[in-house]
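Novice: Straight run, no breaks: the first sequence in the working numbering ends on number 919.
No residue lacks a Cβ here, since even glycine has one placed at the ideal position from N, Cα and C.
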Amino acid sequence: MEKFYDPKQVERRWYQTWAERGYFHASVTGPGSPYAIVIPPPNITGSLHMGHALNNTLQDILIRWRRMQGRNTLWLPGTDHAGIATQNVVEKQLLAEGTTRDKLGRDRFIHKVWEWKAQSGGLIIEQLKRLGSSCDWERLRFTMDEGLSKAVREVFVRLYEDDLIYRGERLINWCPRCLTALSDIEVEHEETTGKMYYIRYPLADDPNTALIVATTRPETMLADVAVAVHPEDSRFRHLTGKRINLPLTSRQIPIIQDNILVDLKFGTGAVKITPAHDFNDEAAGKRHGLPLRTSILDHHAHLLQNKLRAARVEESVIKELDQLPVPKARAKIEKILQERGFLVKLEDHKMALGKCYRCKTVVEPYLSEQWFVRIKPLAEPAIKAVEERSIRIIPEGWINNYLGWMRDIKDWCISRQIWWGHQIPAWYCYSCNKDSLLRRSTDGEWMIPSDAKPIVARTKPTVCEDCGTHDFIRDPDVLDTWFSSAIWPFSTLGWPDQTPELKTFYPTSTLVTGFDILFFWVARMIMMGLKFMGQVPFQDVYIHALVRDAEGQKMSKSKGNVIDPLAVMDKYGTDALRFTLAAMASPGRDIKLSEERIEGYRNFANKLWNAARFILMNLEGPRAEAPWADRPITDRWIMSRLHRCIGEVNRSLEEYRFDEAANTVYHFIWHEYCDWYLELSKPVLAEKDSLKAALTRTTLVESFEAVLRLLHPFMPFITEEIWQAIPHAGESIMVAPYPPQEKTFIDEAIEQEIEGSLKVIAGIREIRGAQAIAPSKELSVTVATPSSVFEQSLRNQQTLIASLSTAGTLIIGTDIKHPASAATTSIVFPGGSIVEVGVDLAGLIDVGKEKARIEKRLKELTAQMEQDEKKLSNPDFVAKVPPDVLKKTKVRHEECRAEHAKLTSELQRLRTVAGGAG
RNA sequence: GGGCGGAUAGCUCAGUUGGUCAGAGCGCUGCCCUUACAAGGCAGAGGUCACAGGUUCGACCCCUGUUCCGCCUACCA
């Protein structure tokens with residue numbers, strides 16, 4: 002074995018072996034109670050980033066842990082077609098090839114996307130494999146594969162039949178670059194500084210009087226239908242009902258009162274109402290029965306001549322604005338208003354601009370025909386499920402977040418004006434609608450008029466019930482990508498068919514995801530699961546943090562602060578990356594990832610590797626079995642410690658405390674198993690042919706083998722590699738049992754005895770450190786203790802202590818006098834029963850250093866004693882404190898006093914020595 | 001505007017129902033290439049737990065306020 006662990010070849014080899022042996026596959030008839038996780042399907046356009054790495058590491062830890070526990074474990078993988086994102090990617094590629102999707106036409110474009118998917122869409126899957134993900138690849142699903150598409154149509158039709166889906170003309174968020182509608186949550190708000198325009202609106206009957214209206218989007222004024230003032234605003238009360246000459250148009254609009262839209266304390270107190278361009282205005286317009294004047298924009302967010310004309314904008318203005326995109330139109334309007342004296346004031350204004358979450362283009366509220374899910378009836382049971390804890394959300398802080406959003410949920414716009422996705426299963430009779438049917442100029446798609454009657458069906462209808470003809474056109478829109486994601490937990494298991502998979506694995510056990518898609522995905526899965534399966538889709542939702550860079554910034558390509566998990570895996574190994582992510586996954590806190598931390602856990606892997614080397618080197622001799630009570634005490638000690646560790650790791654994992662579990666096992670392996678147990682075993686093993694050595698060889702194997710199993714979910718590769726090299730039962734650690742805590746191994750008395758000895762060893766080393774005495778220098782050491790029990794236990798471990806502290810002679814006793822001649826030193830362990838360790842330094846001692854050390858310790862002791870005295874003299878403390886705390890305090894106080902006394906006399910003596918010398 | 005979370009060692013973060021919890025990793029200092037490991041060992045230095053009040057016998061922990069910093073959300077035109 003090499004001195005350094007080399008992950009590269011190990012990882013590839015073992016992953017392949019596991020896959021070949023079918024360990025990843027879950028059978029519906031498999032033994033054990035089912036444990037299932039459906040993967041949050043990564044986009045086919047995706048490449049593994051740290052978020053994926055974290056998300057899938059945590060899932061794999063759970064999966065491997067449960068699988069080893071003997072559960073019938075399924076991790077169902079898949080990918081998402083990612084409508085807009087994928088379409089954007091392929092469009093970019095087309096552009097490079099000198100063509101566009103419009104030139105290609107719908108069918109050929111979609112064909113292109115499938116081609117792209119076949120070529121590049123599997124990348125993320127290969128990357129997940131590199132991470133060690135033990136998914137059941139035989140069950141790999143894609144949101145647009147046949148079965149899932151069928152499920153999507155089924156869900157759509159049923160929702161429509163239940164009147165939970167409707168079509169209508171609404172104001173929606175429109176991305177002028179992607180040319181599609183977006184749902185509310187697909188709009189990201191970003192604080193930006195814009196301008197606030199103050200515009201004069203002259204009264205119709207008194208042009209010298211005017212209302213000043215404030216707006217951030219002056220171009221929309223051309224579509225104003227009214228101006229609102231607050232009913233309690235005395236400034237304007239007399240104007241209510243009067244009309245205004247809308248500047249730059251030949252229209253007159255009314256002044257009305259509205260107490261919802263208008264905030265008395267904000268702006269000028271007068272608000273323009275533009276229902277076609279603003280969500281609040283739309284609502285206000287509805288309240289007052291105002292006309293819903295159509296938008297002045299086209300779908301590229303360009304101002305359009307004929308629409309402006311319909312709004313009765315002056316021809317000269319139309320000429321200047323025609324075909325201008327919004328930002329330019331805004332500048333132009335500003336100029337025109339300025340010239341004509343309508344612009345009274347202009348100031349900077351902070352506001353939250355809505356942007357497309359896919360392409361960051363500023364979205365425009367846009368009036369158009371869309372499909373919606375009537376969401377309230379679906380949300381109610383989903384709220385209840387979480388309130389009643391049928392679904393646990395972990396950490397619980399997210400529950401309120403979820404409930405708040407669900408209670409205030411708005412209808413879900415599910416139609417998208419793109420091509421890549423599930424086309425809406427709605428058809429329209431051609432002959433019934435032919436008079437109003439138009440083709441869109443850009444891509445030639447049909448524009449379905451709002452009064453057209455949709456026929457929603459699982460398959461294309463054959464005959465029109467109204468006119469008997471057979472020609473149908475299909476609704477050109479596709480569904481929001483999240484529509485198919487919403488049914489992922491059951492569509493992937495074969496629904497709508499009643500498959501054995503569905504029966505065995507639904508509801509799934511745990512969902513592991515980031516909070517960024519709590520609303521996009523989790524909430525909708527809960528709604529759909531309850532609606533179509535009548536059961537929650539998962540029992541637990543574990544929500545993990547975001548991975549950020551060392552400065553706490555969200556990692557993104559544009560910021561250039563991305564730590565690439567693949568590069569990390571190359572450099573440090575997959576196990577190191579996985580362990581880092583697990584150890585840092587504290588609930589409710591973002592992960593600020595730094596390379597140093599990963600390096601630290603790479604070192605940990607190497608530590609384990611070298612422990613394995615040590616053990617393998619020592620397996621030469623015979624191994625013996627013996628009743629547990631006859632094993633060497635150090636062996637019994639480490640097994641006791643191991644089983645405590647096992648208990649904690651299991652408990653932490655039950656609570657989704659990946660960080661605790663990882664830190665516990667890390668600390669145990671490095672600082673107990675390696676630092677102490679392997680060192681303690683050395684003197685035992687040195688007696689090559691002894692029974693003790695033979696027994697310890699057995700324990701070495703047994704304990705280490707269990708340690709590897711304990712660690713396997715976190716570091717699957719290195720544990721398998723080592724496990725295969727040491728004596729073991731079974732064909733792979735992946736399918737070996739996860740160690741359960743066995744209480745019979747836990748022995749409090751032995752732990753105390755060994756740990757007391759360890760403290761003595763540490764004490765002797767400390768003196769070496771303080772006095773700069775080489776570890777190899779043999780010392781003669783005197784240990785004094787007032788406790789005969791402890792004395793006995795130290796005597797039992799005398800050889801061990803001497804060996805690990807390089808004490809040539811070691812004297813242990815209850816009441817030993819200091820050797821009269823030599824300068825000696827002593828050390829006392831707070832809380833332990835040792836009162837003094839005297840070390841005969843045979844003239845090596847540096848008196849000055851020693852005095853400083855003792856003086857410092859005396860200061861600490863004094864402080865502690867004062868504090869305890871205060872407590873103990875306080876009657877309230879004595880009366881109210883729990884007895885064990887009181888007892889501990891008293892004991893500590895006594896110990897402090899004793900130590901203080903000893904050290905004081907020690908110091909006195911040193912002064913004499915020093916004085917004598919000087 | 002509302003909501004949530006954070007402020008603990010030089011850096012990144014843990015800290016279980018208030019009482020041996022002031023901790024880890026990295027970094028730093030000293031001594032060690034001791035046949036598992038220098039990607040290592042042993043030892044050490046380093047913190048008024050953001051600030052100010054309060055509750056309590058006792059507060060990093062609970063309450064109130066303040067100051068910074070994140071994030072989510074929202075109709076301030």
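Based on DSSP bridge pairs, tell me the residues matched to Leu124.
Specialist: Position 123 of the first sequence, counting from 1, holds the residue named residue 124. Answer is none; Leu124 lacks a bridge partner.
Novice: Measuring only the C-alpha atoms, how far is Ile835 from Leu811?
Specialist: Numbered from 1 along the first sequence, position 834 holds the residue referred to as residue 835. Numbered from 1 along the first sequence, position 810 holds the residue referred to as residue 811. Bear in mind that the predicted position of Ile835 carries a pLDDT of just 43, short of 50, making it too unreliable to give a figure here.
Novice: Contact defined as beta carbons within less than 8 Å: I believe Pro450 pairs with Ile456. What is the distance between those atoms, to the nearest angstrom?
Specialist: Counting from one through the first sequence, the residue named residue 450 turns up at place 449. Counting from one through the first sequence, the residue named residue 456 turns up at place 455. Not really, about 15 Å apart at Cβ, beyond 8 Å.
Novice: Taking C-beta to C-beta, are Ala215 and Gly268 nearer than 7 Å?
Specialist: Along the first sequence, read from residue 1 onward, the residue named residue 215 stands at position 214. Along the first sequence, read from residue 1 onward, the residue named residue 268 stands at position 267. Closer than 7 Å, so yes.
Novice: Can you have a look at Asp163 and say buried or exposed, based on whether 16 or more other CB atoms are within 10 angstroms of its CB?
Specialist: Translated into the one-based positions of the first sequence, residue 163 becomes position 162. Exposed, by the Cβ-count rule.
Novice: Kindly provide the ranges of any beta strand (DSSP E) runs that are 3 or more residues long and lie completely inside the region 45 to 92, ordered along the chain.
Specialist: Those beta strand (DSSP E) runs which fall completely within the region 45 to 92 and span 3+ residues are 73 to 77.
Novice: Using 7 Å as the threshold, is the C-beta distance between Asp478 and Gln418 below it?
Specialist: For the purposes of this step, residue 478 is taken as residue 477 along the first sequence, with counting starting at 1. For the purposes of this step, residue 418 is taken as residue 417 along the first sequence, with counting starting at 1. Contact: yes.
Novice: Have a look at Gly422 and Asn44 and give me their C-alpha separation to the nearest angstrom.
Specialist: The residue given as residue 422 occupies position 421 in the first sequence. The residue given as residue 44 occupies position 43 in the first sequence. So the alpha carbons of these two residues sit roughly 13 Å apart.
Novice: May I ask you to list the residues that DSSP assigns as paired with Leu172?
Specialist: For the purposes of this step, residue 172 is taken as the residue at position 171 of the first sequence. In DSSP, Leu172 forms a bridge with Leu368.
Novice: For Leu780 and Pro633, I'd like the C-alpha separation in whole angstroms.
Specialist: Locating residue 780 in the first sequence gives position 779, where the first residue counts as 1. Locating residue 633 in the first sequence gives position 632, where the first residue counts as 1. Straight-line Cα distance between these residues: approximately 26 Å.
Novice: Is it a yes or a no for the region 609 to 619 touching the region 698 to 709, going by three-plus beta-carbon pairs under 8 Å?
Specialist: The region 609 to 619 vs the region 698 to 709: in contact.
Novice: Determine the closest residue to Leu609 out of Glu706, Gly530, Leu531 and Met640, with distance taken between C-alpha atoms.
Specialist: Against the first sequence, residue 609 aligns to sequence position 608. The shortest C-alpha separation from Leu609 is found at Glu706.
Novice: My understanding is that Pro538 touches Pro508, with C-beta atoms under 8 Å, so please give their C-beta distance in whole angstroms.
Specialist: Here residue 538 refers to the residue found at position 537 of the first sequence. Here residue 508 refers to the residue found at position 507 of the first sequence. Their Cβ separation, rounded to whole angstroms, is 6 Å, which keeps Pro538 and Pro508 in contact under 8 Å.
Novice: Sorted by chain position, which residues of the same chain lie with C-beta nearer than 7 Å to Ala577's C-beta, five sequence neighbours on each side aside?
Specialist: Residue numbering aside, residue 577 sits at position 576 when the first sequence is read from its first letter. Counting only Cβ-Cβ distances below 7 Å, and skipping sequence neighbours, we find Ile599, Tyr602, Arg603 and Ala606.
Novice: Drop a sphere of 10 angstroms on the beta-carbon of Tyr16, count the other beta-carbons inside from all chains shown, and report buried for 16 or more, exposed for fewer.
Specialist: On the first sequence, position 15 is the one that residue 16 refers to. Result: buried.
Novice: What did DSSP end up calling Asp565 once you bin it into helix, strand or coil?
Specialist: For the purposes of this step, residue 565 is taken as residue 564 along the first sequence, with counting starting at 1. If DSSP states are grouped into helix, strand and coil, Asp565 belongs with coil.
Novice: In angstroms with no decimal places, state the Cα-to-Cα distance between Phe718 and Arg68.
Specialist: Position 717 of the first sequence, counted from the start, is the residue given in the question as residue 718. Position 67 of the first sequence, counted from the start, is the residue given in the question as residue 68. Roughly 16 Å separates the two Cα atoms.
Novice: Select from Leu141, Pro248 and Thr786 the residue whose C-alpha is nearest the C-alpha of Ile334.
Specialist: Along the first sequence, one-based indexing puts residue 334 at 333. Ranking Leu141, Pro248 and Thr786 by Cα distance to Ile334 puts Pro248 first.
Novice: Based on Cα-Cα distance, which residue from Glu348, Ala353, Trp413 and Lys351 lies nearest to Leu379?
Specialist: By one-based count along the first sequence, residue 379 stands at place 378. The option with the nearest alpha carbon to Leu379 is Trp413.
Novice: What do you get for Glu870, buried or exposed, if any count of 16 or more other CB atoms within 10 angstroms of its CB means buried?
Specialist: What you label residue 870 is simply residue 869 of the first sequence in a count that begins at 1. Glu870 comes out exposed.
Novice: With DSSP collapsed to three states, give me the class of Gln961.
Specialist: Because the chain spans 2 through 919 in this model, residue 961 falls outside it and cannot be assessed.
Novice: Exposed or buried, what is Ile365 when buried is set at 16 or more other beta-carbons lying within 10 Å of its beta-carbon?
Specialist: Position 364 of the first sequence, counted from the first residue, corresponds to residue 365. First, the amino acid is wrong: residue 365 is Glu here, not Ile. Counting Cβ neighbours within 10 Å, Glu365 comes out buried, since at least 16 surround it.
Novice: Using beta-carbon positions only, say whether Glu655 and Thr665 come within less than 7 Å of one another.
Specialist: Sequence index remark: in the first sequence, residue 655 carries index 654 (1-based). Sequence index remark: in the first sequence, residue 665 carries index 664 (1-based). In this structure, Thr665 does not lie closer than 7 Å to Glu655 by Cβ.
Novice: Where does Arg441 sit, in a helix, a strand or coil, going by DSSP?
Specialist: Here residue 441 corresponds to residue number 440 of the first sequence, with the count starting at 1. Residue state, collapsed to three classes: coil.
Novice: Buried or exposed: Leu692, going by 16 or more other Cβ atoms within 10 Å of its Cβ?
Specialist: As a first step, residue 692 must be located in the first sequence, where it is residue number 691. Exposed.
Novice: May I have the straight-line CA-CA distance separating Gly833 from Ser758, to the nearest angstrom?
Specialist: If you number the first sequence from 1, residue 833 lands on position 832. If you number the first sequence from 1, residue 758 lands on position 757. Because the pLDDT at Gly833 is just 36, under 50, the model does not fix this residue reliably, and the point stays unresolved.
Novice: Is the region 257 to 273 close to the region 207 to 227, with three or more CB pairs under 8 Å?
Specialist: In short, these stretches touch, since the Cβ pair count reaches three.
Novice: For Phe669 and Gly84, I'd like the C-alpha separation in whole angstroms.
Specialist: Along the first sequence, read from residue 1 onward, the residue named residue 669 stands at position 668. Along the first sequence, read from residue 1 onward, the residue named residue 84 stands at position 83. Cα to Cα, Phe669 sits roughly 47 Å from Gly84.
Novice: Quick one: what does DSSP say Arg142 is sitting in, helix, strand or coil?
Specialist: The residue labelled residue 142 in the question sits at position 141 within the first sequence. In this structure, Arg142 counts as strand in the three-state DSSP scheme.
Novice: Could you work out which residue in Trp638, Gly535 and Ala663 is closest to Ala584 when comparing CA atoms only?
Specialist: If you number the first sequence from 1, residue 584 lands on position 583. Minimum Cα distance to Ala584 is reached at Ala663.
Novice: Tell me the rounded alpha-carbon separation between Ala229 and Lys377.
Specialist: For the purposes of this step, residue 229 is taken as the residue at position 228 of the first sequence. For the purposes of this step, residue 377 is taken as the residue at position 376 of the first sequence. Near 31 Å, if we compare the C-alpha coordinates of Lys377 and Ala229.
Novice: At which residues does the alpha helix (DSSP H) containing Lys361 begin and terminate?
Specialist: One-based indexing of the first sequence puts residue 361 at position 360. From DSSP, Lys361 is part of no alpha helix (DSSP H); its letter is neither H nor E.
Novice: Can you list, in chain order, the residues of its chain with a C-beta nearer than 7 Å to that of Phe473? Leave out the 5 residues immediately preceding and following it.
Specialist: Along the first sequence, read from residue 1 onward, the residue named residue 473 stands at position 472. Cβ neighbours of Phe473 beyond the five flanking positions: Trp428, Tyr429, Cys430, Tyr431, Lys461 and Pro462.
Novice: Tell me whether Arg294 is buried or exposed, calling it buried when 16 or more other Cβ atoms sit within 10 Å of its Cβ.
Specialist: Position 293 of the first sequence, counted from the start, is the residue given in the question as residue 294. Buried, because 16 or more other Cβ atoms sit within 10 Å of the Cβ of Arg294.
Novice: Determine the closest residue to Arg642 out of Gly79, Trp117 and Glu673, with distance taken between C-alpha atoms.
Specialist: Mapped onto the first sequence, residue 642 falls at position 641. Checking every option, the nearest Cα to that of Arg642 belongs to Glu673.
Novice: So what does DSSP say about Phe253, is it helix, strand or coil?
Specialist: Mapped onto the first sequence, residue 253 falls at position 252. Looking at the sequence itself, residue 253 is Gln, so the reference to Phe does not match. Gln253 falls in the strand class under three-state DSSP.
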